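*Asks:*
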Amino acid sequence: MKVSFHGACREVTGSCILVETKKSKFLVDCGIFQGKHFYSPRNLDLFSFDAKSIDFVLLTHAHLDHCGRLPKLVEEGFAGTVYSTDATADFAEIMLLDSANVILHESQRDSLKPLYLESDVKAVMKLFSPIAYDRIQQITPEIKIQLRDAGHILGSAIFEVWITEDGQEQKLVFSGDLGNPPAPIVKDTEFVTGADLVFMESTYAGITHESSEQRVELLRSAIKNSVGQGGVLLIPSFALERTQEVLYEIHRLQENNQIPPVSVFVDSPLAIKATAVYKKYIDMYDEESRAWIMRGDDLFNFPGLKYTSSVAESKTINITPPPKVILAGSGMCTGGRMPHHLKFNLSNPKTHLLIIAYQVPGSLGRELLDGAKRVIIEGETIGVRAQVSAIGGYSSHADEPKLMNWVSQIVKPKPQKIFVVHGEEERNLILRKVLQQSGLEAIVPEYDKIYEI
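For this note's numbering, count along the sequence shown from 1 and bump the result up by 647.
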């Protein structure tokens, strides 16, 4: 068996692992490399493997850094099956269609060939074959799989993969992105009891997030302070999962009279579509969220909340008097409608920019989080006088203690090797060291290098 890594290797984005057996080839994820634009050279490059030879893809979840190159894979000849949960399939469709629109805009602006088109997205969606959690499914005569709830976003999965070669079975476990329990709406991350090989994310190795109580208190304080000074609270938020979590928390704070009345705008057509998908999968919610719904409550609707789909509606937000809270994409401030709101509000000292998501190096959000006093938005230099802060506890990724707790449960059998992926190189090396100190063999793989198993 051979394994190679074609993204999220000593970095966070572009997840793509290739596994080659004597009879089959499959990918785990096929994500896009994220930054300021879709048109990074690495996204434009052909895959370093033959897309036509790939038999199937195991898709852990629908964030673009895990699914964003699937249409490109099809455009290069892939015609196999994509296995995921039902929710991931639905989310992937809206995420990929949205990215196709952005890509088309960028390509027309810069006179480039589109990375992929809406037609490629539609072709990908025909290849999806959803699988329920906790059900073992035979994929080929020598490969069977099972999905476990990763607790990262709704529908996210850990893949357990059993491969039999020459009469010998090996079990591979792909963590995907592990969640940060306890989190609103999603269930807690499930554990795996044993594996021969583990492929494990390391986004927040070396870091301990705030507790769930602390993160709620930080959000409450940010809202209360913004209302008190008549300011604007800007929350760059991923359309999928982070927006829904924050709405849930604001709803709960409001019901318990812990924040004053305030206008809350969700300024993201994609987030609105994602929220509609959330409402389809109540069975995937945690116990507390299902209990709310059983009482007749709508998790994503409360007094003062307004969803703005159209550009015209979006423009009215900035003429709405403060105080107000604006949630808009993108989570890294690089696209969507958030750059417009930043451009309009960053120079005001009463503005508070609250970062609640991981910021890729090179993104506008990372510049602001690192303390930039001037930034360029849509070709214009903007002075930064706003307060900028971050809440790590709203990350949907496990921190180091939770990563180690998850891997410590894998004991029957104990992993022979753990490949550390999906993290900046510094984080990879930190997790490798901690794993080695725990008596486990850990490898930080190199991009495109083939590892013989």
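Using N, Cα and C, we set each Cβ at its ideal position, and we do this for glycine too. Keep in mind it's a predicted model, so treat the numbers as computed, not measured.
Using a Cβ-Cβ cut-off of 7 angstroms (strictly less than) and excluding sequence neighbours within five positions of Pro761, which residues of its own chain qualify?
*Replies:* Excluding positions up to five away in sequence, the list reads Ile750, Leu751 and Ser754.
*Asks:* Do Val1081 and Ala655 have their C-beta atoms closer together than 8 angstroms?
*Replies:* No, Cβ-Cβ distance for Val1081 and Ala655 is not below 8 angstroms.
*Asks:* When we look at the beta-carbon of Phe821 and count the other beta-carbons within 10 Å, is it buried (16 or more) or exposed?
*Replies:* Flag for Phe821 reads buried.
*Asks:* Excluding the five sequence neighbours on either side, which residues of its own chain have a C-beta within less than 7 angstroms of the C-beta of Ala869, listed in chain order?
*Replies:* Taken in chain order, the residues that qualify are Leu880, His999 and Leu1001.
*Asks:* Mind checking Glu740: buried by the 16 CB within 10 Å criterion, or exposed?
*Replies:* Label assigned to Glu740: buried.
*Asks:* Can you give the Cα-Cα distance for Phe696 and Gln1063, rounded to whole angstroms?
*Replies:* Whole-angstrom Cα-Cα distance: 27 angstroms.
*Asks:* Please report the residue range of the alpha helix (DSSP H) in which Pro777 lies.
*Replies:* Here Pro777 belongs to no alpha helix (DSSP H); instead the beta strand (DSSP E) covers Phe775 to Pro777.
*Asks:* With DSSP as the reference, please indicate the residues paired to Leu1001 in a beta bridge.
*Replies:* BP columns for Leu1001 point to Ser1036.
*Asks:* Identify whether Val1081 lies in helix, strand or coil by the three-state DSSP scheme.
*Replies:* In this structure, Val1081 counts as helix in the three-state DSSP scheme.
*Asks:* Whole-angstrom Cβ separation of Ser961 and Thr967, contact assumed at under 8 angstroms?
*Replies:* So it is not a contact: roughly 11 angstroms between Cβ atoms.
*Asks:* Glu816: which of Lys791, His713 and Asp796 sits nearest, CA to CA?
*Replies:* With distances taken between Cα atoms, Glu816 lies closest to Lys791.
*Asks:* Buried or exposed for Arg756, please, with buried defined as at least 16 other CB atoms from any protein chain shown within 10 angstroms of its CB.
*Replies:* Counting Cβ neighbours within 10 Å, Arg756 comes out exposed, since fewer than 16 surround it.
*Asks:* According to DSSP, is Gly1030 helix, strand or coil?
*Replies:* Correct three-state label for Gly1030: strand.
*Asks:* From the DSSP output, in three-state form, read off Tyr763 for me.
*Replies:* DSSP places Tyr763 in coil when its eight states are reduced to three.
*Asks:* Near Val666, which residues of its chain fall below 6 angstroms by C-beta distance, leaving aside the five closest residues on each side in sequence?
*Replies:* Closer than 6 angstroms at Cβ, skipping near neighbours: Val650 and Phe673.
*Asks:* Pull up the distance between the alpha-carbon of Ala830 and that of Arg1013, whole angstroms please.
*Replies:* About 24 angstroms.
*Asks:* From the DSSP output, in three-state form, read off Phe991 for me.
*Replies:* Of the three classes helix, strand and coil, the one that applies to Phe991 here is helix, per DSSP.
*Asks:* In whole angstroms, give me the CA-to-CA distance for Arg795 and Gly1026.
*Replies:* Approximately 45 angstroms between the Cα atoms of the pair.
*Asks:* Taking the Cβ atom as the reference point for each residue, do Pro1048 and Phe1066 lie within a distance shorter than 8 angstroms?
*Replies:* Their beta carbons are not under 8 angstroms apart, which means Pro1048 does not touch Phe1066 by this criterion.
*Asks:* Using the three-state DSSP reduction, which class does Phe947 fall into: helix, strand or coil?
*Replies:* Phe947: coil per DSSP, three-state reduction.
*Asks:* Which stretch, first to last residue, makes up the beta strand (DSSP E) that contains Phe703?
*Replies:* Phe703 -> beta strand (DSSP E) spans Phe703 to Leu705.
*Asks:* Please state the DSSP three-state secondary structure of Lys1064.
*Replies:* Strand at Lys1064.
*Asks:* Whole angstroms is fine: what's the gap from Ser849's alpha carbon to Ala709's?
*Replies:* Going from the Cα of Ser849 to the Cα of Ala709 covers about 18 angstroms.
*Asks:* In whole angstroms, what separates the C-alpha of Arg899 from that of Gln1083?
*Replies:* Computed Cα separation, rounded: 42 angstroms.
*Asks:* Can you give the Cα-Cα distance for Ile882 and Glu902, rounded to whole angstroms?
*Replies:* Roughly 21 angstroms separates the two Cα atoms.
*Asks:* Please report how far the alpha carbon of Leu764 lies from the alpha carbon of Ala747, in whole angstroms.
*Replies:* The straight-line gap from Cα to Cα measures roughly 6 angstroms.
*Asks:* If we ignore side chains and look at the alpha-carbon of each, how far apart do Lys818 and Ala804 end up?
*Replies:* C-alpha separation (whole angstroms): 16 angstroms.
*Asks:* I'd like to know whether the C-beta atoms of Met985 and Ser994 end up nearer to each other than 8 angstroms.
*Replies:* Not a contact, by the Cβ cut-off of 8 angstroms.
*Asks:* Do the segment 698 to 712 and the segment 725 to 734 touch if we need at least three Cβ pairs shorter than 8 angstroms?
*Replies:* Taking 8 angstroms as the limit for Cβ pairs, the verdict is that the segment 725 to 734 does touch the segment 698 to 712.
*Asks:* How many whole angstroms separate the CB atoms of Phe806 and Val675, which I take to be in contact at a CB cut-off of 8 angstroms?
*Replies:* So it is a contact: roughly 7 angstroms between Cβ atoms.
*Asks:* Which residues mark the beginning and the end of the beta strand (DSSP E) in which Tyr1104 is found?
*Replies:* With the chain running from 648 to 1100 in the structure shown, residue 1104 is simply not present.
*Asks:* Tell me whether the beta-carbon of Gln1006 lies closer than 8 angstroms to the beta-carbon of Thr840.
*Replies:* Against a cut-off of 8 angstroms, the Cβ pair of Thr840 and Gln1006 comes out as no contact.
*Asks:* Grab me the residues of Pro1129's own chain with a C-beta within less than 6 angstroms of its C-beta, minus the 5 sequence neighbours each way, in chain order.
*Replies:* The requested residue 1129 does not occur in the structure, where the chain is confined to residues 648 to 1100.
*Asks:* In this structure, how does DSSP classify Tyr1094 when only helix, strand and coil are distinguished?
*Replies:* In the structure shown, Tyr1094 sits in coil (DSSP, three-state: anything other than H, G, I, E or B).
*Asks:* Helix, strand or coil, according to DSSP, for Ile741 in the structure here?
*Replies:* If DSSP states are grouped into helix, strand and coil, Ile741 belongs with the helices.
*Asks:* Give me whichever residues DSSP pairs with Ala804 in a beta bridge.
*Replies:* Note: Ala804 sits in a beta bridge opposite Asp796.
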